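First the structure, in the form of structure tokens, and then the observations on it.
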Amino acid sequence: MSSTSVSSAAARPKRIPSLRRLAAWLASLASDPKTGLWLVTGFAAVHAVLWTLILVNLKAGQDVHMDVAEAYAWGQKFLLGYGKHPPLSGWVAGVWFMLFPVTDWATYALAMATLGCGLLICWLLALRVVDRRRAFFVVVMLALYPIFNFKGFKYNPDLLQLVTLPLMVLAYLDAFEKRSIKSGVWLGLAGALALMTKYWVLTMIGAVGLAALIHPARLQFLRSPAPWVAIATLVVVMLPHLMWLKQVNFVPLTYAGDTYSLTDRAMIDDLALGYVLHNLALLALPVLLGAIALGWRPLRLTPFPALARGTNSGVNLSQAFNVWIVQAVVAIGPPLGALLFHIYIKTDWGISLFFLMPLALIAIPAVRVRKIALLNLTATWLVISLVVLAVSPRIVAYEMNVKRTAGATYRARSELARELTEAWHTRFYSRWPVVAAYTDTGQPVTFYSPDHPAPLTPDEPWSSGLTSLDEAKRSGFIGICEVGDWKLEKCEAWMKAHAANAERMVMTTRRYFLGMPGPATAWNIFIVPPAK
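The sequence shown begins at -11 in the numbering used here and counts up by one.
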């Protein structure tokens, strides 16, 4: 036998123990109450930083999404509501941009910081149901869920629900266990916080209510003060917002009715099916990678058995029942409701409703989470993140080459904002106060203009409250209609009615990135001077 084969044979048995020691060390950190919090906090922070860097690279040739720009615009005034939605997402954006510059990277950092907080809360929630080792495994599975990485690039009310909904479920599990007045107050506050994010949260509130009614231990909970204190607390905390709703004639409900009511049966069916398939596809990645991590035996041909019979001390079955019921209700309820009540259901509405799925699966008592499984899954997450970070410049170069003229993604609204700001300053030597344009144009212009003019959307019955037509006419405004857009005729009609004496001009913008030109976009501009 050669010396080479002898040395390699001698080295082989040492490699497996080193992996085992690393797995044991990671499992020890995750299982120790003193180090578990620091491990999860550090993991969430590293995840947020890595994916902020990735998103900055991937989106370098684009302007920020209009939802992000809209949240920024809302955050310029701390109101009790913003027309379409409750105010919390705008408040969070407002505070964030007090601390960070108004730049693209800061929006991706905001999205990832939101998701990092969501990971930490989901870990605290998991600890109510499973042991610490399983809870950390759940967190890593969530980090592999596309909503927490690729698809988490746009901060909006849907994304913020990945903080407020886990917080509400955590408060419910706490109240279900303690059944005290204090836990009821916390549940009510968490429910109010979730409702102040988006009214869609009512689906999760309904699921929690059904879980409380269906659970085998429901009588102990319902006879305690916790659920009734929670309801009273939620109503009291929501009173200011409810008064605002009345003052604005319930415009968010008008918005929902006008926008999402459908009569086309075939379209309703297709949308509901698309919603289900979309969310199943997103869940496939973390579930598949989690299953591989549970069964994979490093450097061995045969996998570990991932399932075993018998009791499992690592699972709190009473709380697991709550999680299973809640997840089942929010998985089945929305598409079924869309079919029954003829509602336009968007695929992104499921973004916040499946954060419990990894926990629901890992809480199955037959599932066994070995120490090596933590290392397998964490290494998988790290390799995927680093590989995507490394290839992200090539991905964006490829997309720019193939898709730069397709759709609205690469239109240069940021350049338009800067040119219009200069045009206003040249004429009036003052800050540009208002931009009148449809959301996909006006909100990015608000974000990118150094003056951050308040957005005014033509013919919108659910005004954000940031400005009004009368204020716009007093202060002056710039109206924008995109040439070739399907709303051009409607936009021109609004300008004719409200900017008849405006100075008219045409601007064309185009962005160059990596030496490649994006689409050239023409804009009809209406400059209305301040009232004398």
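Every residue gets a Cβ at the ideal spot worked out from N, C-alpha and C, and that includes glycine. Just so it is clear, the structure is predicted and the values come from calculations on it, not from any experiment.
Review point. What are the complete alpha helix (DSSP H) segments, minimum 4 residues, inside the stretch 54 to 130?
Key: Segments of the alpha helix (DSSP H) lying fully in the stretch 54 to 130: 54 to 62, 76 to 87, 92 to 115.
Practice item. Tell me whether residue 492 sits in a helix, a strand or coil according to DSSP, three-state version. Key: Start at 1 with the first residue of the sequence shown, and residue 492 comes out as number 504. Looking at residue 492 - three-state DSSP - the assignment turns out to be strand.
**Study point:** Between the CA atoms of residue 189 and residue 433 - distance to the nearest angstrom
**Key:** Sequence index remark: in the sequence shown, residue 433 carries index 445 (1-based). Sequence index remark: in the sequence shown, residue 189 carries index 201 (1-based). Computed Cα separation, rounded: 30 Å.
**Study point:** Among 479, 464, 462, 10, the one whose alpha carbon lies nearest that of residue 470
**Key:** Taking the first residue of the sequence shown as position 1, residue 470 is located at position 482. Answer by Cα proximity: 479.
Point to revise | C-alpha gap between residue -8 and residue 19, whole angstroms | key: For the purposes of this step, residue -8 is taken as residue 4 along the sequence shown, with counting starting at 1. For the purposes of this step, residue 19 is taken as residue 31 along the sequence shown, with counting starting at 1. Low confidence applies to residue -8: its pLDDT is 47, below 50, so where it sits in the model is not reliable enough to give any reading.
Exercise for review: For residue 452, I'd like the list of residues in its chain whose CB is within less than 6 Å of its CB, leaving aside the five on either flank, ordered along the chain.
Suggested key: On the sequence shown, residue 452 is found 464 positions in, with the first residue counted as 1. Here the set comprises 70, 71.
Point to revise | For residue 133, the nearest candidate out of 460, 299, 271, 217 (CA to CA) | key: Taking the sequence shown and counting its residues from 1, one reaches residue 133 at position 145. The option with the nearest alpha carbon to residue 133 is 271.
Review point. For residue 329, does the count of other Cβ atoms within 10 angstroms reach 16, so buried, or fall short, so exposed?
Key: Numbered from its first residue, the sequence shown carries residue 329 at position 341. Classification of residue 329: exposed, given that the 10 Å Cβ count is below 16.
Exercise for review: Please state whether DSSP places residue 397 in a helix, a strand or coil.
Suggested key: By one-based count along the sequence shown, residue 397 stands at place 409. Of the three classes helix, strand and coil, the one that applies to residue 397 here is coil, per DSSP.
Review point. Applying the criterion that 16 or more other CB atoms from any shown protein chain within 10 Å of the CB defines a buried residue, is residue 426 buried or exposed?
Key: Position 438 of the sequence shown holds residue 426. Around the CB of residue 426, 16 or more other CB atoms lie within 10 Å, so the residue is classed as buried.
Check your understanding: For residue 149, does the count of other Cβ atoms within 10 angstroms reach 16, so buried, or fall short, so exposed?
Key -> Here residue 149 refers to the residue found at position 161 of the sequence shown. Label assigned to residue 149: buried.
Exercise for review: Out of 201, 64, 202, 186, state which residue places its alpha-carbon closest to the alpha-carbon of residue 240.
Suggested key: Position 252 of the sequence shown holds residue 240. The closest CA to that of residue 240, considering only 201, 64, 202, 186, is found on 186.
**Study point:** Cβ separation of residue 365 and residue 273, assumed to be a contact under 8 Å, to the nearest whole Å
**Key:** Numbered from 1 along the sequence shown, position 377 holds the residue referred to as residue 365. Numbered from 1 along the sequence shown, position 285 holds the residue referred to as residue 273. 12 Å between Cβ atoms; not a contact.
Point to revise | Minimum C-alpha distance to residue 138 - residue among 89, 250, 383 | key: Locating residue 138 in the sequence shown gives position 150, counting from the first residue. For residue 138, the nearest C-alpha among the options comes from 383.
Review point. Residue 111 and residue 98: beta carbons closer than 8 Å?
Key: As a working mapping, residue 111 is identified with position 123 in the sequence shown. As a working mapping, residue 98 is identified with position 110 in the sequence shown. No.
Exercise for review: Just confirm the distance between the C-beta atoms of residue 467 and residue 424, as a whole number of angstroms; I'd bet it's less than 8 Å.
Suggested key: Residue numbering aside, residue 467 sits at position 479 when the sequence shown is read from its first letter. Residue numbering aside, residue 424 sits at position 436 when the sequence shown is read from its first letter. Contact flag correct, Cβ pair sits at about 4 Å.
Exercise for review: Tell me whether residue 503 is buried or exposed, calling it buried when 16 or more other Cβ atoms sit within 10 Å of its Cβ.
Suggested key: For the purposes of this step, residue 503 is taken as the residue at position 515 of the sequence shown. Exposed is the call here.
Review point. Under a three-way DSSP split, which group does residue 426 fall into?
Key: On the sequence shown, position 438 is the one that residue 426 refers to. If DSSP states are grouped into helix, strand and coil, residue 426 belongs with coil.
Point to revise | Which listed residue (457, 76, 77, 125) has its alpha carbon closest to that of residue 344 | key: What you label residue 344 is simply residue 356 of the sequence shown in a count that begins at 1. Closest option to residue 344, Cα to Cα, is 125.
Review point. Using the beta-carbon count (16 or more within 10 Å), is residue 265 buried or exposed?
Key: By one-based count along the sequence shown, residue 265 stands at place 277. Around the CB of residue 265, fewer than 16 other CB atoms lie within 10 Å, so the residue is classed as exposed.
Practice item. Have a look at the DSSP bridge pairing and note the partners of residue 504. Key: Here residue 504 corresponds to residue number 516 of the sequence shown, with the count starting at 1. Per DSSP, 501.
Point to revise | Backbone CA spacing between residue 477 and residue 260 [nearest angstrom] | key: Counting from one through the sequence shown, the residue named residue 477 turns up at place 489. Counting from one through the sequence shown, the residue named residue 260 turns up at place 272. Rounded to whole angstroms, the gap between the alpha carbons of residue 477 and residue 260 is 32 Å.
Check your understanding: When DSSP builds the beta bridges, which residues end up paired with residue 510?
Key -> Your numbering for residue 510 matches position 522 in the sequence shown. Residue 510 pairs with 496.
**Study point:** Where the alpha helix (DSSP H) through residue 195 begins and ends
**Key:** Within the sequence shown, residue 195 is the residue found at index 207, counting from 1. That run of the alpha helix (DSSP H) goes 190 to 202.
**Study point:** Continuous alpha helix (DSSP H) assignments of at least 4 residues falling wholly in the stretch 217 to 276
**Key:** Segments of the alpha helix (DSSP H) lying fully in the stretch 217 to 276: 239 to 248.
Point to revise | Collapsed DSSP secondary structure at residue 448 in the structure displayed | key: Counted from its first residue, the sequence shown places residue 448 at position 460. Coil, per DSSP.
Review point. Sorted by chain position, which residues of the same chain lie with C-beta nearer than 7 Å to residue 45's C-beta, five sequence neighbours on each side aside?
Key: Translated into positions along the sequence shown, residue 45 becomes position 57. Answer for residue 45: 380, 381, 384, listed in chain order.
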